[in-house]
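S.K.: Please read through the structure below; I'll follow up with questions.
Number of protein chains: 2
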Amino acid sequence: MRRRRLEPDARREQILSVAIRLFGSKPYADVSTTDVARDAGVARGLVNHYFGTKKDLYLEVVRVMLTVPEVALEQLPEGELPERADSIVSWFLDVVSRHSTSWLAATGAGGMAGDAEVNAVIAEAVDVAAAGVLRAVGMGDDPSPALRGMTRSYVGLAIWTAQEWLQRGVLTREQVHVLLSTALVAMVERAFPQAV
Amino acid sequence: MRRRRLEPDARREQILSVAIRLFGSKPYADVSTTDVARDAGVARGLVNHYFGTKKDLYLEVVRVMLTVPEVALEQLPEGELPERADSIVSWFLDVVSRHSTSWLAATGAGGMAGDAEVNAVIAEAVDVAAAGVLRAVGMGDDPSPALRGMTRSYVGLAIWTAQEWLQRGVLTREQVHVLLSTALVAMVERAFPQAV
DNA sequence: AACACTATTGGCGATGTGTCAATAACATGC
DNA sequence: GCATGTTATTGACACATCGCCAATAGTGTT
């Protein structure tokens, strides 16, 4: 029995990448720590040693999956509201289509929604996205809880629409773009003022 | 050891009601078949005998939770689009607030989304709701797949917004109503025409 | 080459699940 | 009331998965 010894960081990274692949392709319950260990060529105990419990490992996976390159969000869109809406929607669609499988797997709660900690991680990512949307439409300064809630709702719409596009395949990117930008403009003009 | 013998229908119903209560208050993984059996005053094997596997039981629970009284959907809203939107939104908010705990638990906050069969059950319920929305806005006759997809997205928005309202408590019913009806009007006028 | 450090292993105990033959309620007939 | 058949119900067995930890063995150092 030939074992190989790695630096903790390297081993941890390797196991994590295997876990990301598995949790991204199968729901939570269908992935056993034994599967992760076998695919990583490692004893099962080592998975627990590095990540604690199975749910802890899954939380790490979801965190990575939802970590989005915040690039290009720096350059705030210019112009009137419709142009800004177009920009932020394009950015969102680019990001979500590039990381489609993992990102949708995570937001769809790839296996265990309802768990408090998992929900918290997802909610955090949604909150970040919502903050980006708010900044893009020029309402990012000290938003009220209600306004943030409305924006989270819009992010929910975006997620669902992306699923109809990328997973069900019943919508084209063009249709998705029109839907999301018109909805955003309407919500900003009519609903958001109720929450300031 | 005194056992009591019930008619299969009655016993099944009793176990199911216990399961609904438990799955409605705790996530899937935190409810064991032992819990269900104990609360029902029954041997664990009997749960499997009536419902098969644990996931089968959960599917039954979700089905019941998502079964919504289709009442008052018969009386299609009259008037122009804004009035119709107001009506359908009011109806939706009434239903969802009346069955808030169980309904929100099922739609994604409380169960095990990600599993194929569970997703299918939820998708079916969303599809029914989407069909109702389409009829309410007068586009219910033979809708295209794209149009149905867009409407499912809108239902997703409604679900997320209801969560912000009922679970997070950051929105008032009035705010939710305005948000959902303006979004619906905008989508029907601008996005839906792209899908006919 | 001997040593120390620690990454890594393998097995133990606990928990949860599905299955199935054995059991005992309850209804029916005498 | 008593025997009998039907079947709802039980209890236990086999199996899988998980968390934990003492024992083991790579790997760099002296």
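Protein chains in written order, with the numbering used here: chain H, 863 to 1058; chain D, 863 to 1058. Idealized CB from N, CA, C, for every residue including glycine.
1. Should the region 1020-1039 of chain H be called in touch with the region 875-886 of chain D, which here means at least 3 C-beta pairs below 8 Å?
2. Any idea if Ala985/H is buried or exposed, counting beta-carbon neighbours within 10 angstroms, 16 or more meaning buried?
3. How is Asp989/D classed by DSSP in three states: helix, strand or coil?
4. To the nearest angstrom, how far is the alpha carbon of Leu1019/D from that of Gly907/H?
5. Just to confirm before moving on: does the CB-CB distance between Phe954/D and Met1001/D stay below 8 Å?
6. Helix, strand or coil: which one does DSSP assign to Asp1004/H?
7. Does the beta-carbon of Asp897/H, which I'm using as the reference point, lie nearer than 7 Å to any heavy atom of the ligand GTP?
8. For Val930/D, which three-state DSSP category applies?
9. Do Val999/H and Val1050/H have their C-beta atoms within less than 8 Å of each other?
10. Is it right to say Gly914/D is buried, meaning 16 or more other beta carbons lie within 10 angstroms of its own, or is it exposed?
11. Distance cutoff 8 Å, beta carbons only. Does Ser948/H sit that close to anything in chain D?
12. Tell me the residue span of the alpha helix (DSSP H) that contains Ser887/D.
13. Note down, in chain order, every chain D residue with its Cβ under 7 Å from the Cβ of Ser887/H.
14. Any idea what DSSP makes of Asp918/H, helix, strand or coil?
15. Compare the C-beta of Ala836/D against all C-beta atoms of chain H and say whether one is closer than 8 Å.
16. Comparing the C-beta of Pro944/D with each C-beta of chain H, is any distance below 8 Å?
17. Considering Cα atoms alone, identify which of Ala968/D, Thr1023/D, Gly903/D is closest to Arg865/D.
18. In the DSSP assignment, the alpha helix (DSSP H) including Leu908/D goes from what residue to what residue?
19. Tell me whether Arg1014/D is buried or exposed, calling it buried when 16 or more other Cβ atoms sit within 10 Å of its Cβ.
20. With 7 Å as the limit, tell me which residues of the region 1019-1045 of chain D have their beta carbon closer than that to any beta carbon of chain H; keep them in chain order.
21. Counting only C-beta atoms, is Met1012/H closer than 8 Å to chain D at any point?
22. Helix, strand or coil, according to DSSP, for Thr1034/H in the structure here?
23. Under a CB-based cut-off of 8 Å, is Gln1056/D close to chain H?
24. Can you tell me whether Asp956/H is helix, strand or coil according to DSSP?
25. Asp892/H: which of Tyr912/H, Lys916/H, Val909/H, Asp1004/H sits nearest, CA to CA?
26. Could you tell me the distance, in whole angstroms, from the CA atom of Val990/D to the CA atom of Asp901/D?
27. Report the option in Trp1022/H, Val898/H, Val995/H, Asp871/H whose CA atom is closest to the CA atom of Leu884/H.
28. Note down the Cα distance separating Lys888/H from Gly941/D, rounded to an integer number of angstroms.
29. Alpha carbon to alpha carbon, how far is Gln1025/H from Leu966/H?
30. For Arg1052/D and Thr1023/H, which I take to be in contact (beta-carbon distance under 8 Å), what is that distance rounded to the nearest angstrom?
31. For the alpha helix (DSSP H) containing Leu966/H, list its first residue and its last residue.
32. Could you check which residue in Arg874/H, His911/H, Leu919/H, Asp956/H has the C-alpha nearest to that of His1039/H?
33. Do we get a CB-CB distance below 8 Å when we pair Glu869/D with the residues of chain H?
M.R.: For this structure:
1. These segments do not touch.
2. With fewer than 16 Cβ atoms within 10 Å of its Cβ, Ala985/H is classed as exposed.
3. Here Asp989/D sits in helix by DSSP.
4. Near 43 Å, if we compare the C-alpha coordinates of Gly907/H and Leu1019/D.
5. In this structure, Phe954/D keeps its C-beta atom at 8 Å or more from the C-beta atom of Met1001/D.
6. In this structure, Asp1004/H counts as coil in the three-state DSSP scheme.
7. As for the ligand GTP, it is missing from this structure, which has no ligand bound.
8. Residue state for Val930/D is assigned as coil, using DSSP reduced to three classes.
9. The answer is yes: Cβ separation under 8 Å.
10. So Gly914/D counts as exposed.
11. Correcting the residue type first, residue 948/H is Asp in the shown sequence and not Ser. Judged by the 8 Å Cβ criterion, Asp948/H is not in contact with chain D.
12. Where Ser887/D is concerned, the enclosing alpha helix (DSSP H) starts and stops at 870-887.
13. Ordered by position in chain D, no residue passes the 7 Å Cβ test against Ser887/H, which lies about 11 Å from the chain.
14. Note: Asp918/H maps to helix in three-state DSSP.
15. Outside the displayed range of chain D (863 to 1058) lies residue 836/D, so it cannot be described from this structure.
16. Not an interface residue.
17. Ranking the options by Cα distance to Arg865/D, first place goes to Gly903/D.
18. For Leu908/D, the enclosing alpha helix (DSSP H) covers residues 906-913.
19. By the neighbour-count rule (16 or more Cβ atoms within 10 Å), Arg1014/D is buried.
20. Listed in sequence order: Leu1019, Trp1022, Thr1023, Glu1026, Arg1030, Val1032, Leu1033, Gln1037, Val1040, Leu1041, Thr1044, Ala1045.
21. Taking Cβ atoms only, chain D reaches closer than 8 Å to Met1012/H, which makes this a yes.
22. Taken through DSSP and simplified to helix, strand or coil, Thr1034/H comes out as coil.
23. True, the Cβ-Cβ gap to chain H drops below 8 Å.
24. Here Asp956/H sits in helix by DSSP.
25. Measuring from the Cα of Asp892/H, the nearest candidate turns out to be Lys916/H.
26. For Val990/D and Asp901/D, the distance between alpha carbons rounds to 33 Å.
27. Proximity to Leu884/H across Trp1022/H, Val898/H, Val995/H, Asp871/H peaks at Val898/H, based on C-alpha coordinates.
28. If you take the alpha carbons of Lys888/H and Gly941/D, they lie about 47 Å apart.
29. Using only the alpha carbons, I get a separation of about 7 Å.
30. Contact between Arg1052/D and Thr1023/H fails: their C-beta atoms lie close to 14 Å from each other, not under 8 Å.
31. Where Leu966/H is concerned, the enclosing alpha helix (DSSP H) stretches over 962-969.
32. Nearest C-alpha to His1039/H: Asp956/H.
33. Judged by the 8 Å Cβ criterion, Glu869/D is not in contact with chain H.
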